[in-house]
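Reviewing the structure listed below.
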Amino acid sequence: MLMNFFFEVLIGGLLSGVMYALVAIGFVLIYKASGVFNFAQGAMVYFAALTCVGVMDKLGASLWIALPITVAVMILLGLAIERVVLRPLVNQPEITLFMATIGLAFFIEGLAQLVFGAQVRKLELPIEDVPSQYLMDNYNILVSQFDIMAAAVCGLLVTTLALLFSKTKVGRALRAVADDHQAALAVGIPLQRIWAVLWAVAGLVALVAGMLWGARNGVQFALTFVALKALPVLILGGFTSMPGAIVGGLIIGASEKLAEVYIGPIVGGGIEGWFPYVLALLFLLVRPEGLFGEKIIRRI
Amino acid sequence: MLYREAGQFKTSYQADGQIFPILQDRIALLALMAVAIVAVPLLASPYALSAILIPFLIFSLAAIGLNILTGYAGQLSLGTAAFMAVGAFASYNFILRIPGLPVLLAFVLGGLSAALVGIAFGLPSLRIRGFYLAAATLATQFFVVWCLTKIPYLTNYSSSGVITAQPIVILGYVFDTPASKYLLVLAVVAVMALLAKNMIRSNVGRSWMAVRDMDVAAEVIGFRLMRTKLLAFAVSSFYCGVAGALYAYAYLGTVEPEAYNLDLSFRILFMIIIGGVGSVLGSFLGAAFIVLLPVLLNIVAHSLALPTSVASNLELMVFGALIIFFLIVEPHGLARLWQIGKEKLRLWPFPH
Amino acid sequence: MTPYLSVNNVEVIYDHVILVLKGVSLQVPQGKIVALLGANGAGKSTTLKTISTLLRGERGDVTKGDVQFKGERIDQLTPNELVKRGLSQVMEGRHCFGHLTIEENLLTGAYTRNASRSELKASLEKVYHYFPRLRERRGSQAGYTSGGEQQMCAIGRALMARPSMILLDEPSMGIAPQIVEEIFGIVKDLNSKENVSFLLAEQNTSIALRYADFGYILENGRVVMEGAAADLSCNEDVKEFYLGVSGAGRKSFRDMKFYRRRKRWLA
Amino acid sequence: MQMNEPEAHFGTTPAQRETGPVILDLKNISLSFGGVKALTDISFDVRQHEIRAIIGPNGAGKSSMLNVINGVYRPQQGEIVYRGEVRRNMDCHAAAKSGIARTFQNIALFKGMTVLDNIMTGRNLKMKSNFLMQALYWGPARREEIAHRIKAEEIIDFLEIQAIRKTPVGRLPYGLQKRVELGRALAAEPEILLLDEPMAGMNVEEKQDMCRFILDVNDQFGTTIVLIEHDMGVVMDISDRVVVLDYGKKIGDGTPDEVRGNQDVINAYLGVGC
Amino acid sequence: QPAEQYIALPSYRVGPYAAGGSGFYGGIIDYFNLVNLSGGVNGVKISWEECETEYNPSRGVECYERLKTKNGGATLVEPLSTGVAYGILDRLAVDKIPMTMIGYGRSDAANGKVFPYVFPLITSYWNQAAAMIKYLGDKEGGMARLKGKKIVHLYHDSAFGKEPLPVLEALSKQYGFELIKIPVTPPGSEQQSQWLQIRQAKPDHVILWGWGSMNAVAIKTAQRNGFPREKILGVWWAGSEEDTVPTGDAAKGYSAMTFNTPGNYPVLDEIRKKLYDAGKGNMADASRIGSVYHMRGVSAAILWVEAIRTAQEKFGKGKRITGEQMRWGLENLNVDEARQKAIGAFGMLPVVKTSCDDHEGSGAVKVQQWDGKKWNAVTPNWIVGDKALTRQLLEESSAAYAAEKKITPACAK
Ligand SMILES: Nc1ncnc2c1ncn2[C@@H]1O[C@H](COP(=O)(O)OP(=O)(O)OP(=O)(O)O)[C@@H](O)[C@H]1O
Ligand SMILES: Nc1ncnc2c1ncn2[C@@H]1O[C@H](COP(=O)(O)OP(=O)(O)OP(=O)(O)O)[C@@H](O)[C@H]1O
Ligand SMILES: [Mg+2]
Ligand SMILES: [Mg+2]
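Shown next, in the form of structure tokens:
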């Protein structure tokens, strides 16, 4: 019985971790490829989900019509961001770009609510968020079928993107850009086009995260906060590693739940807010660039 | 022709080491201080004093604190509000538990408590840098607020978890009007800004900047990384702590730990980036920008008679867009813009 | 004949206030090597960055003049378009991609080429042939290689684009003497065999003038002297200030009695 | 610090210059990074007051050698005897304290600071007042600051960089940055000065200036200098003794003339016709 | 220029709580407009001004300071934000502007002797918590049956979530049920571990003391873990459409507290007809009329208008009243059933009768249940908990505050 509960917590945590990883991927994508810490990722998640349900609401369209429209919107958004925000800021210090993405986050949040209104909406995916009967009957563990799908989607995304980075010419170029904008320009990497594509892809990743999180928690402003859950995953896994996002997500998810259940009651509970950060920090003390992140080169 | 340094020869290094080496700047500053001390309390409306100037000064102080850490020592931090919270709650407890403790001393003690917490959370900076550190400082933010809600002692067992700042009494004088509070805050901020400026132009300041620009080289030259970074954390947190205490005592009055949330940390961060990373002047300019801009936008939006929800969202969008706009125009912030303006003025009427 | 590359009366301002180039004009004829000489801070690197439009990222503005390459104005193009048209730059100060291995660094150089695997391999081989040291270090992250190795990597990376014109900013910096000779040998080689044109900013005047066809001397953001390389190396002023030989032949570095006492032509 | 004063032994040949006892002795130093052997069993010494050059092809391990001397890298094997004491675990702070200053191959200036501030950082080990006094900028702290400022200004005069003293170094051209870096190292008034390619990216005239500075420092203060340089003209002219490294091994050691004649050195580095 | 009664509305319509803010302030403004259409309060029109606070204390203070002097001075303020309310708490007595905190804020502020200018109207957190236990006891078939039962208090880990703890703890001692406290870290977008703990504990009831997005997540997570929603009882901040709609069907059977009886009322019809049909409604979406937040806003406005009316009766009909007089009006409110009928809101809110001792004026609440489409009342009558207990807590706590602030408790004249 006790053991069973432990496994339930563990599995629940791992699956939450998958959901975190989903958001973390968007961060990694942008960071690894341009050295920009994209604070607007959370806002993009919200924007994507809201656009999707907003289109369904306003046009009375079905999910299958709203989805392609949202994809188009996210791509346009990516292109616009590159043109308006990033292009004029090439070769600026990291912190400037970081700040610009904060400005961007405000803009996107305002835009989303202006167009679609602030009310909370529901988003229903064809798959229901109820315990999988099959697993319940056969293994007596409680796992929502929704989570299983989320895990599959997440795995697929990570694999694709990881392959993109490690195996293709564009991937190599992206990593080069992250190291040195100026030199990347000098060797003829079309920074602008690449960034446009990249942000469009990040928009799509945000859409996936937005759909899954939105289906789970409702489409509301709080979706922008899921970024906070993704941050410890990022620092633990490393800002520059796709697999790191998944592994980090699993570790954070599982340990945070176990801690809340087993340590929480001793100290008054509610430690989920800071525990993942402290955990990630402990890892960082051993590996300052996260588990799988690229080593920070310090040489003179 | 009015603004020239030509003809102002420095006869000693002491004169050259002044904070404002150009005479016109010194005169302008003195004039500004005179206005701030005499004219403002007399002429400004209570609204301007208590809703604009006081928070502006308090945020400037916090921004100086963060600038010391992030702008000068190069350690990006997202935990500013936590240090402010420590300052506020510690001051509250000191005054509460030590009868007769002078308020100013309590602020200092509050600042020192924040400094201690700062040192503790600064320790990881010895290994971790950049955005990793930034994300890790979020731990401070969440942990401190968590402690304040979990440990009833800190809020004097108040059932709702809020504290009420005691009245500010110094030498029998009660600071309760907007004007008197403003003067108190002004005095504290002016003195601390001066101290910050002094630190920055002496060896500590240089050690911070050296660590920021290239920590390996700084070590080779003989700076101790650990001491330098932790000192930056301590001093920065001290500033934030005092600012946090002022925020509670001279501004909000009654506060819950939630008032020092992540949002506040970010606002302070905006201030230094918009104002100028690594500039004391920038801290003031940035604070003014972030305090005033939403108010202006709000007023403009109202005068356009837009529906409120449209106006509110537009405000947010314009705010975000303006941040981006300023970064594009000048990534080094308003302080740099100001400086370029001055340089142009110096060259005037020649373009270069 | 229109020159291959021409810079016409260019003025550059950094940060809105710092005037660096004050009307620089120069030409590179096709298939020639042109040297750009000048003291520290003369504006050589700025000139090269103006041509390759990398100035924008450093908050520099071209306020006057224009740049033409193969008869077209190029100052509004992106660096990517320039590289595609055959104009590559090797930046001062190496700028290797620290986290990429040496080989990956070289491969990024071929980004604009739609080369097949075997073509890439051939190009790599060629670079390794020129710089055997790079072959040894091909698998290490560039950030951990020595200064000279990084310099070789930067040059090799530019070669990978198979440009028809290369802007070289101080290629010999930090390179051991015999490799310096080799690098210039490579320049000559590419120039004569593949008709690649070069504009090289160089401090090592003697070797630059030895290999160049033509030279410009830049001082304080102005061209103060230009001429055929051979003529320049015979000029007395150039000899004294840039080649370190005065009437009595080369002096020992130990015996220089005075600090810089140069009279400036422009004064 | 009047540097242009009577020039004592200009025109003297290196052999005639008297050098002191061994101040720094490196014994069997080996250093490797993962698979890369940067240094293999290298021994050489540096005498007081001499100018000791290290040369060798790219990637030979010269910079790594300097990094070992001032404690940035810790060799896996070997020992360092400095002023008669064996120092195995010297970190770079301790090295700086014991009078070793240096410049770097890839300029390591503090880019956001002015020239003056950069040079002042070189004096940090000599500053005694604590940060509270500095914050008050009062009394001893202020006097100290001004005293050090005077020293820094002397160096600025010496290096002829008065005009740029308030310019942020990030904006300076490469050559001037090298000069500022030298200034920063000099500000520490070191006993040993390690220079890593101080003349890269300079033209002849600037190199002449640089040599002048180096020789003057060496003469006036008796500062021992360890120098890495690829310009053979410079190395042969100003150094007293030369170590030659190749692939992390020592292949030659001696006076410039000896080294010039060494066949190994010619093969590995100088090439023919030098 | 006819006299206008000016009210300051530091509101929020962007950010995480925008959904609630737009409904609440929408309701207030709708009712104001309605009153103005019929000539105002004895001819005195109501005017107001909004200012966006983003739920941020410091922006809220700025808004308050900006709004308070406009149009001849504000005579009432309502920020609907605990943080902002605390930020201006100390300023109210100086400025002589009363503030209402309808359904939130510190419960002990109901003591008008210590907090003369603060009005936590209708019901405080403490009374609500007491009412919740009362309801659960009734549901079990009598308070005595609570003995040995397990009740989970799943709360937003903040001052807000901890506020009811003294009441719940006292009641748990009194009635012998086991109180299990499980905090959720704000903003609460992940609650797997909490619900696993709950499932493990097998409680008889779960009190969901949540806020914002935390509520929907709680309900969804309960569903994922197969916990029956019928056993969950939410606080009124967890009992609006915004909390249940996003969960889809998961919230079916979930119930929550409210101080408005769901349903339709003549006053809402009027708002629909006279305002929205004429294109003058405040909310973008007319279907939100009568939603929980909207009704809450309308109720707030009703109480304020009644306070104005009451004050006018004493200080002069048809005249603009001052903030001090407004304070008096709020302190002498009596919105009884007859008055409610006259307004067209009979039964929409409990009877509210205030006094110097009792700035709350009621303490009665109802329970409503979500049927998948809308909220329905499940208790025909208003429920009142153990008011003696809450009164005692209130006295203690406000006395401590008075001591800390050096206030001598006394009724204002
Ligand atoms: N980003 C910048 N901002 C401001 N000024 C700059 C910037 N880059 C260069 N400068 C200034 O422009 C002038 C020319 O610099 P440039 O780098 O072109 O010189 P250079 O001839 O290449 O010198 P070196 O031989 O040392 O490389 C210098 O005075 C320098 O201070
Ligand atoms: N931190 C490090 N990690 C891995 N390899 C290193 C590291 N430092 C140096 N190396 C390697 O050690 C070898 C020696 O490097 P070093 O920098 O000492 O060469 P160098 O003699 O200074 O060459 P150059 O003249 O090109 O500057 C090089 O192959 C370099 O790649
Ligand atoms: Mg240059
Ligand atoms: Mg080297």
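Chains as they are written, first to last, in this note's numbering: chain L, 1 to 300; chain F, 1001 to 1352; chain U, 2001 to 2267; chain S, 3001 to 3274; chain B, 4001 to 4413.
Glycine included, every Cβ here is placed at the ideal spot set by N, Cα and C.
Anticipated Cβ contact below 8 Å, residue i with residue j, distance rounded
| i | j | result |
| --- | --- | --- |
| residue 1248 (chain F) | residue 1088 (chain F) | 4 Å |
| residue 3178 (chain S) | residue 3042 (chain S) | So it is not a contact: roughly 26 Å between Cβ atoms. |
Min CB distance residue i to chain L below 7 Å
| i | result |
| --- | --- |
| residue 4224 (chain B) | yes |
| residue 4025 (chain B) | no |
| residue 1319 (chain F) | yes |
| residue 2157 (chain U) | yes |
Outcome for residue i when other beta-carbon atoms lying within 10 angstroms are tallied against a minimum of 16
| i | result |
| --- | --- |
| residue 4381 (chain B) | exposed |
| residue 277 (chain L) | buried |
| residue 312 (chain L) | Summary: the structure shown does not reach residue 312 (chain L), with chain L confined to residues 1 through 300, and so no result is reported for it. |
| residue 23 (chain L) | buried |
| residue 4264 (chain B) | exposed |
Short CB-CB distance (under 7 Å) between residue i and chain F
| i | result |
| --- | --- |
| residue 4106 (chain B) | yes |
| residue 4083 (chain B) | yes |
| residue 2009 (chain U) | no |
| residue 298 (chain L) | yes |
| residue 2263 (chain U) | Legend: pLDDT at residue 2263 (chain U) = 40, less than 50; position of this residue unreliable, no value from coordinates given. |
Test item: CB-CB of residue i and residue j under 7 Å
| i | j | result |
| --- | --- | --- |
| residue 4261 (chain B) | residue 4139 (chain B) | no |
| residue 2099 (chain U) | residue 179 (chain L) | yes |
| residue 2201 (chain U) | residue 2021 (chain U) | no |
| residue 3058 (chain S) | residue 2148 (chain U) | yes |
| residue 4102 (chain B) | residue 4301 (chain B) | no |
| residue 4326 (chain B) | residue 4098 (chain B) | yes |
Closer than 7 Å to chain S by CB, residue i
| i | result |
| --- | --- |
| residue 1232 (chain F) | no |
| residue 1217 (chain F) | yes |
| residue 1222 (chain F) | yes |
| residue 2174 (chain U) | yes |
Residue-level contact to chain U via CB, residue i, 7 Å cutoff
| i | result |
| --- | --- |
| residue 189 (chain L) | yes |
| residue 185 (chain L) | yes |
- [ ] Could you list the residues in the stretch 4003–4023 of chain B with a C-beta less than 7 Å from some C-beta on chain L, going in chain order?
- [x] 4013, 4014, 4015, 4016, 4018, 4019, 4022
Task: Where the stretch 1332–1347 of chain F meets chain U: residues whose CB sits under 8 Å from a CB there - done: 1340, 1343, 1344, 1347
- [ ] Give, in chain order, every residue of the stretch 2126–2146 of chain U whose Cβ lies closer than 9 Å to some Cβ of chain S.
- [x] 2133, 2136, 2137, 2140, 2144, 2145, 2146
TODO: With 7 Å as the C-beta to C-beta threshold (strictly closer), list the residues of the stretch 120–142 of chain L near chain B in chain order.
DONE: 120, 121, 122, 124, 129, 130, 131, 142
TODO: Check distances from the C-beta atoms of the stretch 3020–3033 of chain S to those of chain U and list, in chain order, the residues that come in under 8 Å.
DONE: 3033
Open item on the list: Any C-beta of chain F within less than 8 Å: which residues of the stretch 4391–4405 of chain B qualify?
Closed with: 4393, 4397, 4400, 4401, 4404, 4405
Open item on the list: Counting only Cβ-Cβ distances shorter than 7 Å, please list the residues of the stretch 1134–1150 of chain F near chain L, keeping chain order.
Closed with: 1135, 1136, 1138, 1139, 1142, 1143, 1146, 1150
Open item on the list: Counting only Cβ-Cβ distances shorter than 8 Å, please list the residues of the stretch 2077–2099 of chain U near chain S, keeping chain order.
Closed with: 2092, 2093, 2094
TODO: Could you list the residues in the stretch 3087–3098 of chain S with a C-beta less than 9 Å from some C-beta on chain F, going in chain order?
DONE: 3091, 3092, 3093, 3095, 3096, 3097
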